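Here is the structure we will look at, set down as structure tokens.
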Amino acid sequence: MRCASDIVPCCPRLRQFNAFAARARFPSRGRALRREAPQAGRPGRRPLISTAARRSEAPTSGRARAEDGLTPRAYSRAGWMGARSQASAGPPPAPASLRWALEFLPHVFTDPPAAFHAELLADLENPQRRLIARVAPRGHAKSTCGAFAYPLWCLCEQKRRNLLIITHESSLATQFVRDIRRELESNERILARYGDLCREAPTAPCGAARTPKETRSSRPGARGGAAAGPRRRTRKHPAPPAAAASPRPRAPRLKWSEAKFTTASGVTVQAKGSGGSLRGVKVGANRPDLIICDDIEIDEQVASPRGRRKLEHWLQRVVIPALAPGGQLAVLGSLLHYDSLLANLRDPVRFPRWDYKVYRALEAEPDGAGQYRLRALWPARWPVQRLHEERERIGTLAFEQEYQANPVDDRLRVFRPQWLHRYDPRELEGRALLNLMAVDPATGVSGGDYFALWAGGVDAASGVIYTRELTLERISIVEQVQRIVAAFQRWRPLRIGIETVAYQVALKDILDEHGRRERLYLPVVALRTTANKRARIEGAAPFFENGTFRLPPTLAPEVEQQFLHFPKARHDDAPDVCAMAIELARGLRSLGPTDRPAPPRNPFVRPGGW
């Protein structure tokens, strides 16, 4: 027997029936609607395409658009993260979890996300990255993305079955679980898309009951039924009136605890504290397939070697074995110690399978002209100016540790913060100073050392060395000569000490030639060092400790950082040029004060004393 669509293909009643069957989604009718169209040679025929078939051809929901790489409505909040075709150049599209968070959590993501947020979530979504370690600055939403938004996305989209969140205290992990549960209960967008995941699914559909004498062929929409044509099958006995459809009863709420709950879709979320046992985290046959360790280290714990080794032992012997095969473990946090667990995870010998990345709040990038400019990691929330203010508020040491991932051990520090003595400019009133200059040249190569210039004076009465000028720059050789000449005309020093090692000998010759040509006659002396640089700088530390060497009231952040992080700092030009100044001051016993306007001197008469 042929189908009704083969008999009356253009009947309006049949088209109405096709639309009704597609909306009701009867499986038996759907198979009939997907049959091939009649032969094209017959006149008046056209293929019947059901509504369900049209839906299968083009995505209509926001989830389908996200999976196809198209742009949902809230995707425009990501700024540069707009949808792009694969052929076009530019940054890659934002990961699905970030697009989901911008759409469903706009009250949480109030500021536009940064590029590192997209990179972090993309790494978490990558199934090839099983062991992940990420270091990010404080206040840059690493916990919001990694321990809140990403687990919530996995829960709603059912990407994972058993999620475990670990922090250094179980109460903080419980707070993350509580925040996720609150979104499931009160977020209108999540409720509209995924339903009420807090309640049990009904066991049976509610509605009008089927009458005893009713058959499949007598229901509307069945093949040969009332909607298919004028032929109607009647009952032998009149059926009793159907009962009115009863409203669907509200399903009971699931029993959830503060630290553990399971949704109606079967996804479990748990909270634990670091260092403890993970027994009981297995749900049925499912081990945790996603473990997020967020800020599992604290200052008191990393202060002792025993605490650091204990946490490392716990991660390797307790956490990793609890992970399900094919699961993912992510450790997020800030560097609190140079020998902490998060710092040691970068060692490819001890931890060969870990994927490790470090994000810093401020990064120096070349500007193309030989100089460097600072770039903020999250400019929408933490611009460069605000980061500078935060450095002044909490101090350089705390800023380097919390925002720059650069902790320093106090036992290895050569210069302590209390040794950097500052002086009041009013102290110099009426004092006779012997002015000096020290220069540490640089090649001017992008990314190399700084050109360091120190200018100050030695108090003839007390012997205290006062720093009046201390600058660090990356400039060319010609500009270095100009800076030295300008500083000489400004301070009129008795000596200009320049270290003569390798190429630096040429700078002394250039200065001598320039001084003769301009009739300045610069008093340049060569400093031939016998010890290595580190030994020379460490030898200058006692003069900072006892207050003999004093710094100006305001100091550039880069200068202070080089002192406090020596010998672990990237550059040590500022401590080195100060050590050169101390060497110059040792040979000034026979010189008189020079901190007054210099009288006109005969350029052909050599000044006394050198």
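Numbering-wise, the numbering used here puts 353 at position 353 of the sequence shown, and it's gapless, one number per residue.
Just so you know, even glycine gets a beta-carbon here, dropped at the ideal spot from N, CA and C.
A quick note: this is a predicted structure, and the numbers were derived from the prediction, not measured.
Asked, Found
"Option in 261, 575, 504, 552 with minimal Cα separation from residue 535", "575"
"Within-8 Å CB hit, residue 560 to chain D", "Among the chains of the structure shown, chain D does not appear; only one protein chain is present."
"Local Cβ density within 10 Å of residue 406, reported as buried at 16 or more and exposed below that", "buried"
"Reduced DSSP secondary structure (H/G/I, E/B, other) of residue 330", "strand"
"Residue 378 vs residue 140 beta-carbon contact at 8 Å", "yes"
"As assigned by DSSP and simplified to three states, the class of residue 555", "coil"
"7 Å CB neighbourhood of residue 467 in its chain, flanking five on each side removed", "454, 456, 550, 551, 552"
"Supposed contact pair residue 341 and residue 315 - C-beta distance, whole angstroms, cut 8 Å", "6 Å"
"Distance between residue 480 and residue 392 (C-alpha atoms, nearest Å)", "30 Å"
"Alpha helix (DSSP H) segment containing residue 179, residue limits", "170 to 186"
"Residue 219 - DSSP class collapsed to helix/strand/coil", "Note on residue 219: pLDDT 44, under 50, position unreliable in the model; the coordinate value appears next. Residue 219 falls in the coil class under three-state DSSP."
"Chain-order list of residues whose beta-carbon lies under 8 Å from that of residue 277 (same chain, five-residue window excluded)", "318"
"Test item: CB-CB of residue 271 and residue 132 under 8 Å", "no"
"Spatially closest choice to residue 469 from 335, 484, 544, by CA coordinates", "484"
"Neighbourhood of residue 561 by C-beta distance below 7 Å, restricted to the same chain and skipping five residues each side", "396, 400, 569"
"Close beta carbons around residue 473, own chain, < 7 Å, minus the five adjacent residues each side", "450, 451"
"Span of the beta strand (DSSP E) around residue 508", "Segment 504 to 517 is the alpha helix (DSSP H) holding residue 508; no beta strand (DSSP E) there."
"Exposed unless 16 or more other CB atoms sit within 10 angstroms - verdict on residue 565", "buried"
"Residue 328 classed as buried or exposed, judged by whether at least 16 other C-beta atoms fall within 10 angstroms", "buried"
"Residue burial classification, residue 162 (beta-carbon count within 10 angstroms, cutoff 16)", "buried"
"Proximity winner among 545, 312, 505, 297, relative to residue 172 (alpha-carbon distances)", "297"
"Residue environment, residue 537, which counts as buried when at least 16 other CB atoms sit within 10 Å", "buried"
"Presumed contact (8 Å Cβ cut-off) between residue 332 and residue 142, rounded CB distance", "5 Å"
"Best match in 408, 192, 424 for proximity to residue 417 [C-alpha to C-alpha]", "408"
"Between the CA atoms of residue 540 and residue 506 - distance to the nearest angstrom", "27 Å"
"Beta carbon of residue 499 nearer than 8 Å to that of residue 437", "no"
"Option in 430, 585, 275, 419 with minimal Cα separation from residue 496", "585"
"Euclidean distance between Cα positions of residue 151 and residue 100", "12 Å"
"Pair within 8 Å by beta-carbon distance, residue 287 and residue 323", "yes"
"For residue 102: DSSP bridge partner residues", "Partner(s): none; residue 102 has no beta bridge."
"Residues near residue 186 by beta carbon distance below 8 Å, same chain, minus five either side", "none"
"As assigned by DSSP and simplified to three states, the class of residue 126", "coil"
"8 Å Cβ cutoff met for residue 459 and residue 431", "yes"
"Classification of residue 582 by the beta-carbon crowding that lies within 10 angstroms, buried from 16 upward", "buried"
"Residue 151 - DSSP class collapsed to helix/strand/coil", "helix"
"Nearest residue (CA-CA) to residue 394, options 557, 283, 125, 517", "557"
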